[in-house]
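Below you'll find the structure, written out as structure tokens, and then a few comments.
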Amino acid sequence: GENVEQHPSTLSVQEGDSAVIKCTYSDSASNYFPWYKQELGKRPQLIIDIRSNVGEKKDQRIAVTLNKTAKHFSLHITETQPEDSAVYFCAASYDDYKLSFGAGTTVTVRA
Amino acid sequence: NAGVTQTPKFQVLKTGQSMTLQCAQDMNHNSMYWYRQDPGMGLRLIYYSASEGTTDKGEVPNGYNVSRLNKREFSLRLESAAPSQTSVYFCATGQAGEQYFGPGTRLTVT
């Protein structure tokens, strides 16, 4: 099955700086890569996703890039704010049904 | 429009007891999922239902059973709870890959 690895496991950034989280996947058939944000005690929420026919996608301060050849994808958060503090999960899917999740990155934005 | 709802929010069980976690959605999605979340391990798929009338095992199905009651409802049953099943359980619904999660059930087995 698909194996998704996520790094780093924790990330501390100064408010206003950028944050980057990286994920690698094992199954070259995977074609859908979403990112979820989970605040403490809350449910995971989809924040951005990308499909394998696209190399980059942006939504305001967040962007995702995909390198199919290297089988890795990244989440970029620019101009970080305190409300960006959360756990972020990457995931991959090859069939539009099952998602394989990374272990998560805890992001702390320091004021 | 409640999205995805789960009951109960919290539950404490003794080893060997049984219980059913309920999930309902009003998003008209065909697919529904049950995950468990443990510290440092992300979200692991227990069972899923690609459409009404079908269910399939995920990554960690042992000790669980599911029922897709209709398009809206998907339940997860623990027949004989074990301490290793202490976790937060999330139900999700999905369409074209995108998945939307319920608020979760925090289960403790003593």
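The listed protein sequences derive, respectively, from chains A and B. Each residue of the first sequence is one higher than the one before, counting from 2 in my numbering. Each residue of the second sequence is one higher than the one before, counting from 20 in my numbering. Heads up, the beta-carbon is just placed ideally off N, CA and C, and yes, glycines get one too.
Excluding the 5 residues preceding and the 5 following V107 (chain B) in the sequence, name in chain order all residues of the same chain whose CB lies nearer than 6 angstroms to its CB. Cβ within range, chain order: Q56, G123, R125.
D97 (chain A): contacting residues in chain B (beta-carbon distance under 7 angstroms): The contact set of D97 (chain A) on chain B, defined by CB atoms closer than 7 angstroms, consists of A115, G116 in chain order.
Listing by chain order, which chain B residues have their CB less than 9 angstroms from the CB of D28 (chain A)? The contacting residues do not exist; D28 (chain A) stays about 14 angstroms from chain B at best.
In whole angstroms, what is the alpha-carbon distance linking Y52 (chain B) and M38 (chain B)? In this structure, the straight-line span from the alpha carbon of Y52 (chain B) to that of M38 (chain B) is close to 18 angstroms.
Between the stretch 76-102 of chain A and chain B, which residues of the former have a C-beta closer than 7 angstroms to a C-beta of the latter? Hits within the stretch, in order: F90, S94, D97, Y98, K99, L100, F102.
Excluding sequence positions up to five away, which residues of its chain have a Cβ less than 7 angstroms from the Cβ of Q30 (chain B)? Within the same chain, Q30 (chain B) has close Cβ partners M38, T124, L126.
Spatial neighbours of K58 (chain A) within its chain, please: CB distance less than 6 angstroms, with the 5 preceding and 5 following residues excluded, ordered by chain position. Apart from sequence neighbours up to five positions away, the residues of its chain that approach K58 (chain A) with a beta-carbon distance below 6 angstroms are I51, V65, ordered along the chain.
Using a Cβ-Cβ cutoff of less than 6 angstroms, which residues in the same chain neighbour T109 (chain A) once the five nearest sequence positions on both sides are dropped? Excluding residues within five positions, the ones whose Cβ falls inside 6 angstroms are S13, S86.
Which partner residues of L95 (chain B) appear in the DSSP bridge assignment? L95 (chain B) has B:L40, B:V85 as its beta-bridge partners, per DSSP.
Counting along the chain, where does the beta strand (DSSP E) carrying K59 (chain A) start and finish? K59 (chain A) -> beta strand (DSSP E) spans 57-60.
Measuring alpha carbon to alpha carbon, tell me which residue in B:Y67, B:E71, B:Q104 is nearest E78 (chain B). Selected option, being the one with the closest Cα: B:Y67.
Going by beta carbon distance, what residues of the same chain come within less than 6 angstroms of A93 (chain A), once the five residues before and after it are set aside? The beta carbon of A93 (chain A) lies closer than 6 angstroms to those of E3, V5, Y26, S31, F34, S101 in the same chain, with the five residues before and after it left out.
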